[in-house]
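To start, the structure itself, in structure tokens.
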Amino acid sequence: MRVERIAKDKVRIFISYDDLEERGIDRDEIWHNGKKVQDLFWDMMETAYMEVGFEIAGPISVEAFTMPTEGVVVIVTRIPSIPGVSQDDDEDDDDEDESLVQRHQNYAQSIDTQLIYAFTDFDDLVAVCHTLVGYDLESSLFRYHDTYHLVITDPLVVETFQTIASVLAEYGEPSSATEAVLEEYGSAILENDAITVLVSRFPT
127 MRVERIAKDK VRIFISYDDL EERGIDRDEI WHNGKKVQDL FWDMMETAYM
177 EVGFEIAGPI SVEAFTMPTE GVVVIVTRIP SIPGVSQDDD EDDDDEDESL
227 VQRHQNYAQS IDTQLIYAFT DFDDLVAVCH TLVGYDLESS LFRYHDTYHL
277 VITDPLVVET FQTIASVLAE YGEPSSATEA VLEEYGSAIL ENDAITVLVS
327 RFPT
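See the structure below:
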């Protein structure tokens, strides 16, 4: 399980299929509100609090979607309360009955994206850039621990996010380094438009 804070009131949590298997949760079971899924959710919230100081206070929005090889991505957002609006006990009971983790089908909704993938082979890096160049993504490239790290930061709709993550996974591995770590300890190779620049410099 890996937690990234992507905004003041929003975190992204990566759960590998190995994590699910260790908990006895089937891939399809993640979309149901069983006890094991509820336990997983609260473990995620505890991990988010311990690692990045994200604490649930009031209503939240939960988005979850799968990536073919990586696992499940869960995005939790704290929703600011509206002054003067209260809920009665019946509404609270209804909220408790709702699934904690739901698969959102609203692909028109965009999410703040930060994908960081590591490539040991430069040819693989170039190949993935040629595949993704048509998406016109904001991207940068770093060298860190003898590995190339491609950082993509762009608001994307969920469906596009899944597609891009799948393409990246075909060529590289999710990086354990954050963008802050790369900026502090890595070497910046291309700070802007890394994908476009690499494609223009290394045509197929």
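Under this note's numbering, the first residue of the sequence shown carries the number 127, and numbering increases by one thereafter.
Glycine residues also receive a C-beta, built at the ideal position from the N, C-alpha and C atoms.
Just mark residue i as buried or exposed, buried being the case when its beta carbon has 16 or more other beta carbons within 10 Å.
{"i": "Met176", "result": "exposed"}
{"i": "Gly312", "result": "buried"}
{"i": "Ile70", "result": "Given that the chain is displayed from residue 127 to residue 330, the structure contains no residue 70 and the question cannot be resolved."}
{"i": "Ser265", "result": "buried"}
{"i": "Ile182", "result": "exposed"}
{"i": "Gln235", "result": "Note that Gln235 scores 44 on pLDDT, short of 50, meaning its location in the model is unreliable; the coordinates nonetheless yield the value given after this. Exposed is the call here."}
{"i": "Ser292", "result": "exposed"}
{"i": "Val326", "result": "Inspection of the sequence shows that residue 326 is occupied by Ser rather than by Val. Label assigned to Ser326: exposed."}
{"i": "Ser301", "result": "buried"}
For my contact list, residue i and residue j are in at a C-beta cut-off of 8 Å; report their separation, rounded to the angstrom.
{"i": "Ala174", "j": "Phe180", "result": "4 Å"}
{"i": "Ile242", "j": "Ala303", "result": "7 Å"}
{"i": "Thr203", "j": "Asp135", "result": "6 Å"}
{"i": "Tyr261", "j": "Ile290", "result": "7 Å"}
{"i": "Ile132", "j": "Gln240", "result": "6 Å"}
{"i": "Phe140", "j": "Glu196", "result": "7 Å"}
{"i": "Ala253", "j": "Tyr297", "result": "6 Å"}
{"i": "Leu276", "j": "Leu251", "result": "7 Å"}
{"i": "Arg153", "j": "Tyr143", "result": "7 Å"}
Can you name the start and end residues of the alpha helix (DSSP H) that residue i belongs to?
{"i": "Thr257", "result": "248-258"}
{"i": "Ser266", "result": "From DSSP, Ser266 is part of no alpha helix (DSSP H) but of the beta strand (DSSP E) over 265-270."}
{"i": "Glu177", "result": "161-178"}
On the DSSP letters alone, give me the boundaries of the beta strand (DSSP E) that residue i sits inside.
{"i": "Tyr274", "result": "273-279"}
{"i": "Lys136", "result": "136-141"}
{"i": "Tyr261", "result": "Unbroken run through Tyr261: none, as it is neither H nor E."}
{"i": "Phe245", "result": "240-245"}
So what's residue i in DSSP terms, helix, strand or just coil?
{"i": "Met193", "result": "strand"}
{"i": "Glu130", "result": "strand"}
{"i": "Arg153", "result": "coil"}
{"i": "Phe328", "result": "coil"}
{"i": "Ile201", "result": "strand"}
{"i": "Ile186", "result": "strand"}
{"i": "Glu148", "result": "helix"}
Hey, would you say the C-beta of residue i is under 7 Å away from at least one heavy atom of the ligand NAP?
{"i": "Val137", "result": "Here there are no bound small molecules, and the ligand NAP is not part of this structure."}
Could you tell me whether the Cβ of residue i comes closer than 8 Å to any Cβ of chain C?
{"i": "Ala253", "result": "In the structure shown, chain C cannot be found, because there is only a single protein chain."}
Exercise. What are the uninterrupted segments assigned as alpha helix (DSSP H) that are 4 or more residues long and contained completely in the segment 294-324, given in chain order?
Worked result: 305-311
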